[in-house]
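Protein chains in written order, with my numbering: chain A, 862 to 1161; chain B, 862 to 1161.
For each residue, glycine too, the CB sits at the ideal point set by N, CA and C.
One structure is given here, and the rest of the page talks about it.
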């Protein structure tokens, strides 16, 4: 499970940094969190396949978090996509998208489903690979964070070993569930002889634009990786609060309170060229910090 | 008078080429024609100052011609712009922009004026430096081309010469208008001794997405430079017509019929990596052809 950062800057593009977007990859499925202007080109640049992307989540309706969405959807349609696309976003975005399609006389060539975000915390998607939950954060307008949880897929089969013990293929699914195998000759094949440990459950918490708050701490508690915005350094904490944004120190503080294992920093103000001070500020409070770099895929 | 190409591709960004946008520079003023996704970043990249941009013209409401506009306007406001901005576009774009501002709780910090395009041909702006006229082209939805005309500013004063002949500064404006100067001592100072030829009137015609047609030939007749879309090579002329687009040969044909001095080609389909065949196809019909390159400023 990885997250690839496509845009790590705040609203004004600067220093080659783009507005917010990122893609979480779970068992080959792609999940997009926010879609700032230029996201379709960033996906091309970093080799992420659109056809594996079926779920897009938009945290709020400030343009730097969704202005890339109409273009991405248009391009998918021009390329003859057939897979369905699900967009989860504040309800008004649907009005906007419908108007955009209508004035362009656009008929999408794939099933497109819009899911308005509820006000509170809610599970939005659940399948056998992952679930995505939204939770309210505290920004100037209504805004959500997202929790992406990878499910376990049981144990990992070692086919060569299973063959050596003459286990029939019909029993392989039981092996993945952890069962031992009793052979017709009475020999008990222990599960750990023919399987390895499978992928463990994982939690990735994306805390979109928000002022520092512990109001959603229970949702993100124990996250393997926490992405938290830090528009400013802490010497600008007053400005951060006034604008409903956070500082690197506050992001680190929340990662610590949440007992997260790793903290990713992003949404940097365009006033900062050098991002090293963000790392230093956060590291003083929390030990495992990454200042995100666009195009990099971080293991969750 | 120059035009800088910011995006020369059709709807799908490809091979590093962007959707349509270009900026015409007249006496230091900037005029934008279309504003595809990523335009604000392209302007930064090529050193075009937003503050000199007061007029933006949108040919039609296919996304690849305007999806960069909301982001550009937002960024102008975030940077504290004070100069007015005029947008000339199909009326529905105003509804969209207003919805975008409303859901984001955005108050622009500069005067913003929206001018809906009329159906037919009309002069949209006229000042002492330039005028811009829109004219209908023939596309799948209502679409306009634009004619940008630079005005002469009279003759160019040579201050050192004027001083040598002891001409008072109050008379300089008359010199620019081409007058001779009669000195108190009776000597007639010929205008050409103290001035050079000034900038001549120029015509730049931008023929946005359109099928081949001569319906607007009278408007673009005698253009110094004609920009014409050529989404396809001529072997795809049937596809071009079906999709209300043109071929390189057709663009060249129109440049010839219009007695243009130079033809700029753009809006290339993303199926073409190599653009040299566009140049060759057009050159067989019209002698002065440029396959546009993003970031290049073409003299008009």
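- Taking C-alpha positions only, residue 1071(B) is separated from residue 975(B) by approximately 24 Å.
- In chain order, 898, 928, 929, 931, 932, 935 and 961 make up the part of chain A whose C-beta sits under 9 Å from the C-beta of residue 928(B).
- Per DSSP, the beta-bridge partners of residue 1127(B) are 1090(B).
- Secondary structure of residue 984(A) (DSSP, three-state): strand.
- In this structure the segment 949 to 956 of chain B does not lie against the segment 1026 to 1039 of chain B, because fewer than three pairs of beta carbons, one per stretch, are closer than 8 Å.
- In this structure, DSSP gives residue 878(B) an extended state, which the three-state scheme calls strand.
- Interface with chain B (8 Å Cβ-Cβ cutoff): residue 1055(A) is excluded.
- DSSP places residue 1110(B) in the helix class (H, G or I) of the three-state scheme.
- Within the same chain, and ignoring the five residues on either side of residue 1109(A) in sequence, the residues whose Cβ sits closer than 7 Å to its Cβ are 1091, 1094, 1095, 1126, 1139, 1142 and 1143.
- The beta-bridge partner set that DSSP reports for residue 976(B) consists of 949(B).
- Counting only Cβ-Cβ distances below 7 Å, residue 902(B) has contacts in chain A at 874 and 899, in chain order.
- Within the same chain, and ignoring the five residues on either side of residue 1161(A) in sequence, the residues whose Cβ sits closer than 7 Å to its Cβ are 862, 863, 864, 1063, 1065, 1085 and 1086.
- Relative to the Cα of residue 1119(B), the nearest Cα in the group 1102(B), 1089(B), 1134(B) and 1129(B) belongs to 1089(B).
- Against chain A, a Cβ distance below 7 Å from residue 922(B) picks out 964 and 965.
- Among the CB atoms of chain A, none fall inside 8 Å of the CB of residue 946(B).
- In the three-state reduction of the DSSP assignment, residue 893(B) falls in the strand class, which pools E and B.
- When 1146(B), 958(B) and 888(B) are compared, the shortest CA-CA separation from residue 988(B) is found for 888(B).
- Around the beta carbon of residue 1061(B), fewer than 16 other beta carbons sit within 10 angstroms, so the residue counts as exposed.
- Close to residue 953(A), with beta-carbon spacing below 8 Å, are these residues of chain B in chain order: 960 and 964.
- For residue 1002(A), the residues of chain B that pass the 8 Å Cβ criterion are 964, 965 and 966, in the order they occur in the chain.
- Chain B has no Cβ within less than 8 Å of the Cβ of residue 893(A).
- Residue 941(B) sits exposed, since fewer than 16 C-beta atoms from the chains shown fall within 10 Å of its C-beta.
- Residue 929(A) counts as buried, since no fewer than 16 other beta carbons sit within 10 angstroms of its beta carbon.
- Using beta-carbon distances, residue 1008(B) does not count as an interface residue toward chain A, since no partner is under 8 Å.
- Annotation: the continuous alpha helix (DSSP H) that includes residue 1139(B) extends over 1137 to 1144.
- Counting only residues of its own chain and dropping the five nearest sequence neighbours on each side, residue 1136(B) has a CB closer than 7 Å to the CB of 1129 and 1152.
- Contact fails between the segment 904 to 916 of chain B and the segment 909 to 920 of chain A, because fewer than three Cβ pairs, one in each stretch, are under 8 Å apart.
- Annotated as distal: residue 995(A) and residue 1018(A), with beta-carbon spacing of 8 Å or more.
- Beyond the five residues adjoining it in sequence on each side, residue 1158(A) comes within less than 6 Å, by CB distance, of 863 and 865 in the same chain, given in chain order.
- Cβ atoms of residue 871(A) and residue 901(A) stay farther apart than 8 Å, at about 20 Å.
- Residue pairing for residue 917(A): DSSP places it in a beta bridge opposite 893(A) and 948(A).
- Taking the C-beta atoms as reference points, residue 1134(B) is found nearer than 8 Å to residue 876(B).
- The C-beta distance from residue 963(A) to residue 992(A) rounds to 34 Å, too long to fall under 8 Å, and the pair is not in contact.
- About 19 Å separates the beta carbons of residue 897(B) and residue 886(B), which is beyond the 8 Å limit, so they are not a contact pair.
- The alpha-carbon of residue 984(B) is positioned some 43 Å away from that of residue 949(A).
- Chain B has a Cβ within less than 8 Å of the Cβ of residue 939(A).
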